[in-house]
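In the numbering used here, the protein residues as written are 282 to 618.
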Ligand SMILES: NC(=O)c1ccc[n+]([C@@H]2O[C@H](COP(=O)([O-])OP(=O)(O)OC[C@H]3O[C@@H](n4cnc5c(N)ncnc54)[C@H](O)[C@@H]3O)[C@@H](O)[C@H]2O)c1
Ligand SMILES: [Zn+2]
């Protein structure tokens, strides 16, 4: 979809809902590149803009307070509309501010990274980090309108960020579409993405979220790759070599697909296809004895795991996942070599 579609849908929405005040929340990088993206919005709405520092550190309770205070000092009322324009940091933070300012104002996301397009901006999870806990505080609060994505933003995105988004995109293929997986596998140029690929991910996530908005059951399948992925992300951060979330998830997809095969769920031939695709495009960290201990430590300390059991979503086929396998840490050790 193009910029004009986004603007038209926003204009229609603002007119229908009688919205007069819009505050754009963005970061400096995005503002620098796309500062006039919304300049063609109808003059019926007053548009203000708040530009934040880029980076994960911005996703904090201090920045949320800064945005609350900005809105309050400018006397923005409950009918003000927040337009989150940026990557997952901005959409998570902005969604959180929208869900809490005056007990909730309306908002929408215009995601500018691949990760935000297919994941962070979809599904209603909002939040900020605490110093000791990523996403430690948050809400589930849905945007007023789900806008079409504009893939042209990806032209300026750093290749590392593209591959981070691809990690999540491959997750969707593995849990939800055998067809997308094989199509990605056969592409000459990787990553050459189409609107259909991105739309598949968004539609798939929305379908799951509609069934389980508060993350009590089936939504857990979206965690595929994330048990190992989060542990690898934490381990790399601790060793002073942090990696992008989706790059850790890609490694998580590798190890959780392997686990699915070792536990007898995923056929060996399918595992081999997955391993071939992942190792071709992503660096997969070998798990030595020392690293195994560290990863187990992170997995056991994850808030989702209890009683020395670790929760996994596993695959039984490419394109089909089953959530909530509880695997004892002691048993996992034997599958991790
Ligand atoms: N709510 C959810 O369901 C959910 C899901 C996945 C991830 N997340 C969160 O998303 C965050 C990560 O999101 P992200 O990867 O988009 O990071 P990000 O928002 O930090 O963006 C990455 C970098 O790209 C820059 N950028 C953004 N768009 C650009 C563009 N079009 N061209 C050039 N540069 C651009 C940003 O300024 C930033 O420096 C994490 O905090 C994560 O926890 C949330
Ligand atoms: Zn993720």
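Don't be surprised by glycine CBs; every beta carbon is placed ideally from N, CA and C. Keep in mind the model is a prediction, meaning the values are calculated, not measured.
Extent of the continuous alpha helix (DSSP H) run through residue 485: The count along the chain shown starts at 1 and reaches residue 485 at position 204. In the DSSP assignment, residue 485 falls within the alpha helix (DSSP H) that extends over 476-492.
Would you mind reading off the limits of the beta strand (DSSP E) that contains residue 397? Within the chain shown, the letter at position 116 stands for residue 397. Looking at the DSSP string, residue 397 is not in any beta strand (DSSP E), and its letter there is neither H nor E.
Using the Cβ count rule (16 or more neighbours within 10 Å means buried), how would you classify residue 261? Any question about residue 261 goes unanswered here, given that the chain covers just 282 to 618.
Do residue 526 and residue 514 come within 8 Å of each other at the CB atom, strictly closer than that value? Mapped onto the chain shown, residue 514 falls at position 233. Mapped onto the chain shown, residue 526 falls at position 245. Closer than 8 Å, so yes.
Leaving out five residues on either side along the sequence, give the residues of the same chain with a beta carbon under 6 Å from the beta carbon of residue 565. Counting from one through the chain shown, the residue named residue 565 turns up at place 284. Within its own chain, the residues whose Cβ lies closer than 6 Å to the Cβ of residue 565, once the five positions on either side in sequence are excluded, are 532, 535, listed in chain order.
Straight-line gap, residue 435 to residue 337 (C-alpha atoms, nearest Å): As a first step, residue 435 is located in the chain shown; it is residue number 154 there, counting from the start. As a first step, residue 337 is located in the chain shown; it is residue number 56 there, counting from the start. Roughly 19 Å separates the two Cα atoms.
In this structure, how does DSSP classify residue 589 when only helix, strand and coil are distinguished? Numbered from 1 along the chain shown, position 308 holds the residue referred to as residue 589. Annotated three-state conformation of residue 589 is coil, per DSSP.
Taking 8 Å as the cut-off, decide whether the C-beta atoms of residue 530 and residue 449 are in contact. The residue labelled residue 530 in the question sits at position 249 within the chain shown. The residue labelled residue 449 in the question sits at position 168 within the chain shown. Yes, the pair counts as a contact, with Cβ atoms nearer than the cut-off.
Residue burial classification, residue 354 (beta-carbon count within 10 angstroms, cutoff 16): Within the chain shown, residue 354 is the residue found at index 73, counting from 1. By the neighbour-count rule (16 or more Cβ atoms within 10 Å), residue 354 is not buried but exposed.
Separation of residue 445 from residue 617, as counted between CA atoms: Residue 617 sits at position 336 when you count from the first residue of the chain shown. Residue 445 sits at position 164 when you count from the first residue of the chain shown. Here the C-alpha atom of residue 617 lies approximately 24 Å from the C-alpha atom of residue 445.
Can you have a look at residue 580 and say buried or exposed, based on whether 16 or more other CB atoms are within 10 angstroms of its CB? Translated into the one-based positions of the chain shown, residue 580 becomes position 299. With 16 or more Cβ atoms within 10 Å of its Cβ, residue 580 is classed as buried.
As an exercise, report each continuous alpha helix (DSSP H) stretch of at least 4 residues that is fully enclosed by the stretch 523-580, in chain order. Fully enclosed alpha helix (DSSP H) runs of no fewer than 4 residues occupy 526-543, 549-562 of the stretch 523-580, in order along the chain.
Based on Cα-Cα distance, which residue from 332, 394, 407 lies nearest to residue 388? The residue you call residue 388 lines up with position 107 of the chain shown. Ranking 332, 394, 407 by Cα distance to residue 388 puts 407 first.
contact_flag[the stretch 457-472, the stretch 604-612] where n(CB pairs < 8 Å) is 3 or more: Counting C-beta pairs with one atom in each stretch, the stretch 457-472 and the stretch 604-612 have fewer than three that are closer than 8 Å, which means they do not touch.
Own chain residues within Cβ distance below 7 Å of residue 292, not counting five before or after: If you number the chain shown from 1, residue 292 lands on position 11. Contacts found: 322, 323.
Excluding the five sequence neighbours on either side, which residues of its own chain have a C-beta within less than 7 Å of the C-beta of residue 357, listed in chain order? Counting from one through the chain shown, the residue named residue 357 turns up at place 76. Hits under 7 Å: 302, 304.
Any non-hydrogen atom of ligand 1 within 7 Å of residue 437 CB: Taking the first residue of the chain shown as position 1, residue 437 is located at position 156. At least one heavy atom of ligand 1 sits closer than 7 Å to the Cβ of residue 437.
Residue 587 to residue 416 span [Cα, whole Å]: Taking the chain shown and counting its residues from 1, one reaches residue 587 at position 306. Taking the chain shown and counting its residues from 1, one reaches residue 416 at position 135. When only Cα atoms are considered, residue 587 and residue 416 end up about 19 Å apart.
Is it buried or exposed, residue 506, if we count other Cβ atoms within 10 angstroms and call 16 or more buried? Indexing the chain shown from 1 puts residue 506 at position 225. Result: buried.
Since residue 329 sits in a beta bridge, which residues does DSSP pair it with? Counting from one through the chain shown, the residue named residue 329 turns up at place 48. DSSP output for residue 329 lists 304 as bridge partner(s).
Where do the N-terminal and C-terminal ends of the beta strand (DSSP E) with residue 602 fall, by residue? By one-based count along the chain shown, residue 602 stands at place 321. Taken as a continuous stretch (DSSP letters only), the beta strand (DSSP E) holding residue 602 covers 601-609.
Does the beta-carbon of residue 626 have 16 or more other beta-carbons within 10 angstroms, so that it is buried, or is it exposed? For residue 626 there is no data in the structure shown, the boundaries of the chain being 282 and 618.
Host alpha helix (DSSP H) of residue 450 (start-end): Within the chain shown, the letter at position 169 stands for residue 450. From DSSP, the alpha helix (DSSP H) with residue 450 extends over 440-457.
Do three or more CB pairs link the stretch 390-404 to the stretch 335-351 at distances below 8 Å? At 8 Å Cβ cutoff, the stretches do not touch.
What does the Cβ neighbour count give for residue 584, buried or exposed, with the cut at 16 atoms within 10 Å? Position 303 of the chain shown, counted from the start, is the residue given in the question as residue 584. Flag for residue 584 reads exposed.
Of the residues 520, 598, 593, which one's Cα is nearest the Cα of residue 554? Residue numbering aside, residue 554 sits at position 273 when the chain shown is read from its first letter. Here the closest residue by C-alpha is 598.
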